[in-house]
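Scroll down for the structure; my scribbles are underneath it.
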Amino acid sequence: MAEAALSGAPHPLLDNDYASEWMGIEVLGLSDGHATIRMTLRQEMLNGFGMAHGGMIFAFGDTAFALACNPIQPAPGEENNITVASGVDINFLKPAFRGQVLTAVADRRSSAGRSGLYDIQIFAADAAPASETQPSSPGELIAEFRGRSRTIPKK
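Take the sequence shown: its position 22, counted from the start at 1, is 22 in my numbering, and no numbers get skipped.
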């Protein structure tokens, strides 16, 4: 499926997502079962060791997961459903540091009935030089996030 046009709020899920807004998350791409997002690590996102707090990496991956799980335009008959996490695992592989640009790439691996399985890879790259608007590559893999989803009625 083609990537969605990203003008204004690229996904209705982000309309009232104040955590993602605070993190400065930018949506790079959305399609059925896929999301790519980016953010820059700020000082207030670091732990006492001067590296990215694990909770920040987790929350970043969780946003990519949510965007990949929930279509921009629900299918007919699905307007009153949402897809949420039923469980997740994360493996931290390398640290990330202030000023680095994180990119998360979320992909659906399986979907059966109301359950799904998603893999999210999180990368860190040094900020791009002033002459470029973004890093030339997503950088080094710093975390692997696996999410299990469940579609439930909206309350």
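All C-beta atoms in this analysis are idealised placements derived from N, C-alpha and C, irrespective of residue type, glycine included.
query                                                                                                                                                                                 : result
What's the call for ALA68, buried or exposed, on a 16-neighbour Cβ count within 10 Å?                                                                                                 : buried
Excluding five sequence neighbours on each side, which residues of the same chain lie with their C-beta closer than 7 Å to the C-beta of ASN91?                                       : ALA143, GLU144
In the structure shown, what three-state DSSP assignment does LEU67 receive?                                                                                                          : helix
Could you check whether the segment 33-46 touches the segment 80-87, counting it as contact only if at least three pairs of C-beta atoms, one from each stretch, sit closer than 8 Å? : no
Using a Cβ-Cβ cut-off of 8 Å (strictly less than) and excluding sequence neighbours within five positions of ASP62, which residues of its own chain qualify?                          : ALA85, VAL88, PHE145, GLY147
Measuring straight from C-alpha to C-alpha, what distance separates HIS11 and ILE72?                                                                                                  : 6 Å
With 16 as the cutoff for other CB atoms within 10 Å, does ARG18 come out buried or exposed?                                                                                          : According to the sequence provided, residue 18 is Tyr. The question's Arg does not apply to it. Classification of TYR18: exposed, given that the 10 Å Cβ count is below 16.
Would DSSP call SER86 helix, strand or coil?                                                                                                                                          : strand
Given this structure, state the Cα-to-Cα distance separating ARG109 from ALA96, to the nearest angstrom.                                                                              : 26 Å
Tell me the rounded alpha-carbon separation between ASN70 and GLN43.                                                                                                                  : 31 Å
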